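Before any comments, here is the structure.
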Amino acid sequence: MRIEAASISFSYGKRRILDDISFSADSGSMTALLGRNGSGKTTLLRILLGFLQPGKGQVSIDGTSILRMKERERAQRIAYIPQATVPVYPYRALDAVLMGRSPALSLFERPGADDERKAARALERLGIGHLGNRTVDTLSGGERQLVMIARALAQEAGILLLDEPTSSLDYSNQLLVMETLTALRDDGYTILFSTHSPEQALMDSTAVIILSGGKAAFHGSAEELMDGRILSDLYSRQLFITRVDTGKSGRIVCIPE
Ligand code: ADP
16 MRIEAASISF SYGKRRILDD ISFSADSGSM TALLGRNGSG KTTLLRILLG FLQPGKGQVS
76 IDGTSILRMK ERERAQRIAY IPQATVPVYP YRALDAVLMG RSPALSLFER PGADDERKAA
136 RALERLGIGH LGNRTVDTLS GGERQLVMIA RALAQEAGIL LLDEPTSSLD YSNQLLVMET
196 LTALRDDGYT ILFSTHSPEQ ALMDSTAVII LSGGKAAFHG SAEELMDGRI LSDLYSRQLF
256 ITRVDTGKSG RIVCIPE
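The sequence shown begins at 16 in the working numbering and counts up one residue at a time.
Laid out in structure tokens, this is it:
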């Protein structure tokens, strides 16, 4: 599925937060949203989801404006995965994933056997089928984040939006979540995530959008950021970016002076 933002501007009161932002992302693509605190990443994600209405511009999915879709239609196309949090209620992981089926159900309809199968399949797809009966409060942060991604898969939306999907996760769980997203990208999902990690944004074949001063100050490929100039400007630090041969395809690392 293709998501397109056309000339999005947004203000809180008189304060302009986003100014004429345009981009699009297609099936099988991954886009990283970088920007300093307060640069408008969360605001942009909320606009893409239709939670906030832009003052100007529009968001469309496969050519149809999201404002012309009912909430349920939107949810069947685009899923949101919030930052990892410690859950308040000790739901079973399978039940948490089943909640992703609600856009497919009518108002008082309860999930049926088919929904349960889809939820179980989503857990299995992410390699955590064995966690279905565990309550989410007993899972590790990384496992919980995979459950949230499984919930989005059960929703059967083709576009996944993630707000700092690895914040508060330890390093190995960060890798696990990013590798999971890459695999989903390769399966044809459209993935867009915000991050504070330049290295996550510099993963191979990832498009990068840098928000700064309300503008998309950069929109391009990781390769175009390799000279370090743009990221050094963004973080007000001299940064060196280099590719390290890891024996596979290699990884790009970002090192401060
Ligand atoms: P980021 O996710 O990049 O940190 P945000 O989108 O959360 O940035 O915020 C962008 C700016 O909008 C910040 O200056 C923030 O203080 C402001 N802001 C966010 N939410 C509100 C709100 N509900 N009312 C007024 N200002 C807000």
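Note that beta-carbon positions come from the ideal geometry of N, C-alpha and C, so glycine has one too.
Predicted, not measured: the structure shown is a model, and the values here were computed from it.
- Here the alpha carbon of TYR106 sits roughly 8 Å from the alpha carbon of ASP152.
- DSSP, read as helix, strand or coil, puts LEU168 in helix.
- In the DSSP assignment, ARG258 falls within the beta strand (DSSP E) that extends over 254-259.
- By the CB criterion at 7 Å, ILE174 and THR205 fall inside the cutoff.
- A heavy atom of ligand 1 is found nearer than 6 Å to the CB of ILE32.
- Counted as a single uninterrupted DSSP element, the alpha helix (DSSP H) harbouring PRO213 occupies residues 213-216.
- Listed in chain order, the alpha helix (DSSP H) runs fully inside the stretch 34-90 are 56-63, 86-90, counting runs of at least 4 residues.
- Under a 10 Å Cβ-count criterion, VAL74 is classified as buried, with 16 or more other Cβ atoms of the shown protein chains found around its own Cβ.
- For LYS230, the shortest separation between its Cβ and any heavy atom of ligand 1 does not lie below 6 Å.
- Nearest to SER155 by alpha-carbon distance, out of GLN189, ALA172, GLY243, is GLN189.
- If you compare the alpha carbons of LYS29, THR57, ILE93 with that of ALA172, the shortest gap goes to ILE93.
- A straight-line Cα-Cα distance of about 8 Å links VAL268 and PRO213.
- Residue pairing of SER117 in beta bridges, as defined by DSSP: absent, with no partner found.
- Exposed is the label assigned to LEU82, since fewer than 16 other Cβ atoms lie within 10 Å of its Cβ.
- In the three-state scheme derived from DSSP, where H, G and I count as helix and E and B as strand, ILE245 is classed as helix.
- The C-alpha of ILE143 lies about 19 Å from the C-alpha of THR100.
- A Cβ-Cβ distance of about 21 Å is found for the pair LEU240 and LEU60, leaving them out of contact under the 8 Å criterion.
- Between the stretch 44-59 and the stretch 224-236 there are three or more C-beta pairs closer than 8 Å, enough to call the two in contact.
- TYR250 has its CB no nearer than 6 Å to any heavy atom of ligand 1.
- The Cβ-Cβ distance between ALA237 and THR221 falls below 7 Å.
- Spatial neighbours of THR79 in its own chain (CB-CB distance under 6 Å, excluding positions within 5 residues in sequence) are not present.
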